[in-house]
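Protein chains in written order, with this note's numbering: chain A, 1 to 181; chain B, 1001 to 1098; chain C, 2001 to 2386. Accompanying notes for the structure given below.
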Amino acid sequence: MSEVLFYAFAAIAVAGALGMVLNLHNTVAAALSLVGTMVALGGLYVLLEAYLIGVLQILVYAGAIVVVFLFVVMLLNLRRDVFPAGRQWMTKGLALGISLVVLVRFLRLVPGSFGEPAALPEGFGGYREIGARLFTDYVLAFEVTSLLLLAAMVGAVILAKREPSEPDGDPRTPVSRSEAS
Amino acid sequence: MIEEAVALSGILFAIGAIGALVRRNVIVVLMCIELMLNAVNLALVAFSRLWADATGQVFVMMVIVVAAAEVAVGLGIVIALFRNRESVNVEEVSLLKW
Amino acid sequence: MTEVVLKLLFIVLVVAGGMLPLITWIERKQSAVMQDRIGANRADLMGVTLLGLLHPAADVLKLFSKEDVVPEGANRLLHLLAPVIAFVPALLVLAVIPYGGAYRFGDTTLSLVVADVDWGMLFVFAAGSIATYGAVIAGWASNSNWGLLGSMRASAQMISYEVTMGLSLVGMFMVAGSLRLPEIAAFQDQSFRLLGFLLHMGFVEGETLPFHLDLLRLPMWGIFLQPLGFLLFLTCIMAENKRPPFDAPEGESELIAGYHMEYSGMRFGLFYTAEFLEVPVIGAIVATLFLGGWAIPFLSQETIIAFVAGGFGEGFATGLCLVLHVLCFLTKVAILIWLQMALRWTLPRFRYDQVMDLCWKMILPLSILNVFVTGAGILLVEGVIS
Chain A
1 MSEVLFYAFA AIAVAGALGM VLNLHNTVAA ALSLVGTMVA LGGLYVLLEA YLIGVLQILV
61 YAGAIVVVFL FVVMLLNLRR DVFPAGRQWM TKGLALGISL VVLVRFLRLV PGSFGEPAAL
121 PEGFGGYREI GARLFTDYVL AFEVTSLLLL AAMVGAVILA KREPSEPDGD PRTPVSRSEA
181 S
Chain B
1001 MIEEAVALSG ILFAIGAIGA LVRRNVIVVL MCIELMLNAV NLALVAFSRL WADATGQVFV
1061 MMVIVVAAAE VAVGLGIVIA LFRNRESVNV EEVSLLKW
Chain C
2001 MTEVVLKLLF IVLVVAGGML PLITWIERKQ SAVMQDRIGA NRADLMGVTL LGLLHPAADV
2061 LKLFSKEDVV PEGANRLLHL LAPVIAFVPA LLVLAVIPYG GAYRFGDTTL SLVVADVDWG
2121 MLFVFAAGSI ATYGAVIAGW ASNSNWGLLG SMRASAQMIS YEVTMGLSLV GMFMVAGSLR
2181 LPEIAAFQDQ SFRLLGFLLH MGFVEGETLP FHLDLLRLPM WGIFLQPLGF LLFLTCIMAE
2241 NKRPPFDAPE GESELIAGYH MEYSGMRFGL FYTAEFLEVP VIGAIVATLF LGGWAIPFLS
2301 QETIIAFVAG GFGEGFATGL CLVLHVLCFL TKVAILIWLQ MALRWTLPRF RYDQVMDLCW
2361 KMILPLSILN VFVTGAGILL VEGVIS
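In structure tokens form, the structure reads like this:
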């Protein structure tokens, strides 16, 4: 049963990821494919006994981060994108080739390199154990993360804020869009 | 199941990396980076299950927080960029390029 | 397996079969009473109107027989999916809500919750966060400006209130010491002495309080232990589900119907059902967390069983307890449903910027304050008792 579920979730995750990368004409649909991947990964985490992480994955990634992406896409109303043209195919193609070669090497490395999974202690993957770890062994990392979040919050507010002098609905000077097409 | 999970994490990471390299829409590039972070998370969870040690899961939480921060700042930059240039194409943002 | 099926059947029958049609009726009657009208009473079947109770059936017939319109230029697949995504999370939440405690019959224990998971409340949050997509996709896929505006409002509002909804509950989690909903409900099935500190601090001699002071008790409900948390959470969960007065995403006066403007027939019916399903779901969550869930005030499960078992036997006592608890839970949910209806027809709709200001400038600081005050309070109480 769990094997079947694992492969089903894995297939959804890969399909969603491919759907995001290959979808050129519709950024919203690309973001929704990413949601599929995120939800499937949440299922995989639960199958790997990481219950809290599985729920957090759905809650934070699928429920908040991708919604913010969607919000920005809708705000900017983007609908079209194109693959790079002309000379860029050289470098990008090279990058693609290297990625694929590294992936194949990695995949050939994996089978048989891990032993049997260790026996699980009571309450593994629950919020009590992770919370205890987070606030004892890793409390410094926790505090630093909170600092990072604060910095990100201030940064985002400053970046997205309009200049007070700039009147609403100011017709901005259009920039050449010829390169995009 | 752990071997498959690690292999899947490699595949997802590669898809994300390729997407970040070939797509030109900044928002899609950011989404590809999210995908790569998620692939790393999957590997961390798989190894955490392998050793039955919750440390990996603690680090996944850190990664989630960092990803959230990255999205907040990244999308703020995207909005500022769109306001100034009416475009989200990465290749049009090359003023600092030598 | 059969146990789970039976529980699901109970939920579907009570909530979908009983409560949903009743709620549309209550909503109409409530608005009629508050606006000094007679209210829904016209649907009749050969002269029988049943106080307007036939209206829900008429609604369903009408919605099923309407033409299903998909606007030009809409994304057909997503347009079809959106109502389903909006509807399913509200149903999912019902799986983790305990509508009764755990009862021992002989050597089997019957626990009246479908999925007794350790992270129950997080599951509720996760389901709620998925519901955002229903609104977001609906507006975008129908290729309409009003719809798009509605879904942008919905997405911003729902993400914001998700954050504060979680934070406003932290205090309750600290007090109850668990995220598991059956445990939180069972925790509230006791009472505390208001003047107990007199005993612990040595103002009163002896081991127990005088009888008349001992009677000054309150049930250990979230609403008494976390009054601020209760207010904040109720506000947040209503805003998170876009209930009035926080229904700016579908504000008729500005956006016609917001994100579900381009929906007709049973697709609109699904949005409509989801919205009405959210009313009892909100009621059930708030009742479980803050109003003691299935707990009867001042009468804990042991007390009832000990009292009744003497005359009628243990099995009968436990069964009686079960029935009383389920009825008590449904009563609390009904009160909360009424409260939501009254709020809906009392308060005018918030402006959109007011909704966001309320979230980030009022509720967020207050809920963080609540966490600190609760922590200090727990330390204080522990210090006094020991």
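Virtual Cβ for every residue (Gly too), placed ideally from N, Cα, C.
Beta-carbon proximity check, residue i vs residue j, cutoff 8 Å
{"i": "G2265 of chain C", "j": "E2067 of chain C", "result": "yes"}
{"i": "A15 of chain A", "j": "L44 of chain A", "result": "no"}
{"i": "V39 of chain A", "j": "W2119 of chain C", "result": "no"}
{"i": "F2064 of chain C", "j": "T2273 of chain C", "result": "no"}
{"i": "L1044 of chain B", "j": "V1060 of chain B", "result": "yes"}
{"i": "N2370 of chain C", "j": "L2148 of chain C", "result": "no"}
{"i": "H2325 of chain C", "j": "G2101 of chain C", "result": "yes"}
{"i": "G123 of chain A", "j": "E49 of chain A", "result": "no"}
{"i": "V1073 of chain B", "j": "V1026 of chain B", "result": "no"}
{"i": "E2162 of chain C", "j": "A64 of chain A", "result": "yes"}
{"i": "F2123 of chain C", "j": "M2165 of chain C", "result": "no"}
{"i": "L193 of chain A", "j": "A1014 of chain B", "result": "An answer regarding residue 193 of chain A cannot be provided, because it is not within the stretch 1 to 181 covered by chain A."}
{"i": "G2134 of chain C", "j": "P2083 of chain C", "result": "yes"}
{"i": "G36 of chain A", "j": "I53 of chain A", "result": "no"}
{"i": "L2167 of chain C", "j": "I2368 of chain C", "result": "yes"}
{"i": "T2374 of chain C", "j": "G2073 of chain C", "result": "no"}
{"i": "G47 of chain A", "j": "S2 of chain A", "result": "According to the sequence displayed, residue 47 of chain A carries Leu and not Gly. In contact: L47 of chain A and S2 of chain A (Cβ atoms closer than 8 Å)."}
{"i": "I2159 of chain C", "j": "I2237 of chain C", "result": "no"}
{"i": "N23 of chain A", "j": "A17 of chain A", "result": "no"}
{"i": "I1037 of chain B", "j": "V1063 of chain B", "result": "It is Leu, not Ile, that sits at residue 1037 of chain B in the sequence shown. Yes, the pair counts as a contact, with Cβ atoms nearer than the cut-off."}
{"i": "L2194 of chain C", "j": "L2225 of chain C", "result": "no"}
{"i": "G2150 of chain C", "j": "G2258 of chain C", "result": "yes"}
{"i": "L140 of chain A", "j": "A1069 of chain B", "result": "no"}
{"i": "V28 of chain A", "j": "L70 of chain A", "result": "yes"}
Residue i burial status per 10 Å Cβ neighbour count (16 or more: buried)
{"i": "P2130 of chain C", "result": "First, the residue type needs correcting, since residue 2130 of chain C is Ile and not Pro in the sequence shown. The residue in question, I2130 of chain C, is buried, as its Cβ has 16 or more Cβ neighbours within 10 Å."}
{"i": "Y2103 of chain C", "result": "buried"}
{"i": "N2145 of chain C", "result": "exposed"}
{"i": "I2342 of chain C", "result": "Note on identity: in this sequence residue 2342 of chain C is Ala, with Ile being the wrong assignment. Exposed is the call here."}
{"i": "P111 of chain A", "result": "exposed"}
{"i": "F2230 of chain C", "result": "buried"}
{"i": "W2221 of chain C", "result": "buried"}
{"i": "D2189 of chain C", "result": "buried"}
{"i": "T2288 of chain C", "result": "buried"}
{"i": "I158 of chain A", "result": "exposed"}
{"i": "E2240 of chain C", "result": "buried"}
{"i": "S2253 of chain C", "result": "exposed"}
{"i": "V175 of chain A", "result": "Note that V175 of chain A scores a pLDDT of 44, beneath 50, so its modelled location is shaky and nothing firm can be said."}
{"i": "L1081 of chain B", "result": "buried"}
{"i": "I2385 of chain C", "result": "exposed"}
{"i": "E179 of chain A", "result": "Note that E179 of chain A has pLDDT 39, beneath the 50 cutoff, so the model's placement of it is unreliable and the number below is only indicative. Exposed, by the Cβ-count rule."}
{"i": "F1047 of chain B", "result": "buried"}
{"i": "N1084 of chain B", "result": "exposed"}
{"i": "F2105 of chain C", "result": "exposed"}
{"i": "Q2354 of chain C", "result": "exposed"}
Near the ligand ADP: residue i beta-carbon under 7 Å from a heavy atom
{"i": "L2053 of chain C", "result": "Annotation note on the ligand ADP: not contained in the displayed structure, which lists no ligands."}
8 Å contact criterion, which residue i and residue j should meet: CB distance rounded
{"i": "P117 of chain A", "j": "A1052 of chain B", "result": "7 Å"}
{"i": "V2096 of chain C", "j": "V2113 of chain C", "result": "7 Å"}
{"i": "G1076 of chain B", "j": "A1039 of chain B", "result": "No, G1076 of chain B and A1039 of chain B are not in contact; Cβ-Cβ is about 25 Å, not under 8 Å."}
{"i": "V967 of chain B", "j": "T145 of chain A", "result": "The first residue shown for chain B is 1001 and the last is 1098, placing residue 967 of chain B beyond what the model contains."}
{"i": "V1058 of chain B", "j": "R133 of chain A", "result": "5 Å"}
Can you find at least 3 beta carbon pairs, one from the segment 1023–1031 of chain B and one from the segment 45–60 of chain A, that sit closer than 8 Å?
-> Contact check between the segment 1023–1031 of chain B and the segment 45–60 of chain A: fewer than three CB pairs, one atom from each, fall below 8 Å, which does not count as touching.
Given 8 Å as the limit, is there contact between the segment 2317–2337 of chain C and the segment 2273–2289 of chain C, that is, 3 or more CB pairs closer than that?
-> At 8 Å Cβ cutoff, the stretches touch.
Does the segment 2339–2358 of chain C come within contact of the segment 2239–2250 of chain C, defined as at least 3 CB pairs closer than 8 Å?
-> Yes, the segment 2339–2358 of chain C is in contact with the segment 2239–2250 of chain C.
Determine, using beta-carbon pairs with one atom in the segment 2073–2086 of chain C and one in the segment 2127–2141 of chain C, whether at least three such pairs fall under 8 Å.
-> Judged by Cβ distances under 8 Å, the segment 2073–2086 of chain C makes contact with the segment 2127–2141 of chain C, as three or more pairs qualify.
What residues in the segment 47–75 of chain A bring their beta carbon closer than 9 Å to a beta carbon of chain B?
-> The segment 47–75 of chain A vs chain B, Cβ under 9 Å: L47, L48, E49, A50, L52, I53, G54, L56, Q57, V60, Y61, A64, I65, V66, V68, F69, F71, V72, V73, L75.
Does the segment 2255–2264 of chain C come close enough to the segment 2191–2198 of chain C that 3 or more CB-CB pairs lie under 8 Å?
-> No, the segment 2191–2198 of chain C does not touch the segment 2255–2264 of chain C.
Kindly confirm or deny that the segment 88–100 of chain A and the segment 1016–1027 of chain B touch, where touching means at least three C-beta pairs closer than 8 Å.
-> Contact holds: three or more Cβ-Cβ distances are below 8 Å.
The segment 2101–2121 of chain C: which residues have C-beta closer than 7 Å to a C-beta of chain A, in chain order?
-> Within the segment 2101–2121 of chain C, the residues whose Cβ lies closer than 7 Å to some Cβ of chain A are D2118, W2119, listed in chain order.
Interfacial residues, the segment 1071–1088 of chain B to chain A, with Cβ spacing under 8 Å = Those residues of the segment 1071–1088 of chain B placed with their C-beta closer than 8 Å to a C-beta in chain A are V1071, A1072, V1073, L1075, G1076, I1077, V1078, I1079, A1080, F1082, R1083, N1084, R1085, E1086, S1087, V1088, ordered along the chain.
Compile a chain-ordered list of the residues in the segment 1014–1038 of chain B whose CB is closer than 8 Å to at least one CB of chain D.
-> Protein chains in the displayed structure are A, B and C, and chain D is not among them.
Under 8 Å (Cβ pairs) to chain B, residues found in the segment 8–24 of chain A | The residues in question are A10, A13, V14, A17, L18, M20, V21.
What are the residues of the segment 112–133 of chain A that lie near chain C, defined by any Cβ-Cβ distance shorter than 7 Å?
-> Going along the segment 112–133 of chain A in chain order, one finds G126, Y127 with a Cβ nearer than 7 Å to chain C.
Near-chain C residues of the segment 25–37 of chain A (beta-carbon distance less than 9 Å), N- to C-terminal order = Within the segment 25–37 of chain A, the qualifying residues are N26, V28, A29, L32, V35.
Using a Cβ-Cβ cut-off of less than 9 Å, give me the residues of the segment 2147–2163 of chain C that come near chain A, in sequence order.
-> Result list: L2148, S2151, M2152, S2155, A2156, M2158, I2159, E2162, V2163.
Chain A contacts made by the segment 1056–1070 of chain B, where a contact means CB separation under 9 Å = Result list: G1056, Q1057, V1058, F1059, V1060, M1061, M1062, I1064, V1065, V1066, A1067, A1068, A1069, E1070.
Mind listing which residues of the segment 2238–2265 of chain C have their C-beta closer than 9 Å to chain A's C-betas, in chain order?
-> If the cut-off is 9 Å between Cβ atoms, the segment 2238–2265 of chain C has nothing near chain A.
Contact set between the segment 1042–1054 of chain B and chain A, restricted to residues whose Cβ is under 7 Å from the partner | Taking 7 Å as the cut-off between beta carbons, the residues of the segment 1042–1054 of chain B near chain A are L1042, V1045, A1046, S1048, R1049, L1050, W1051, A1052, A1054, in sequence order.
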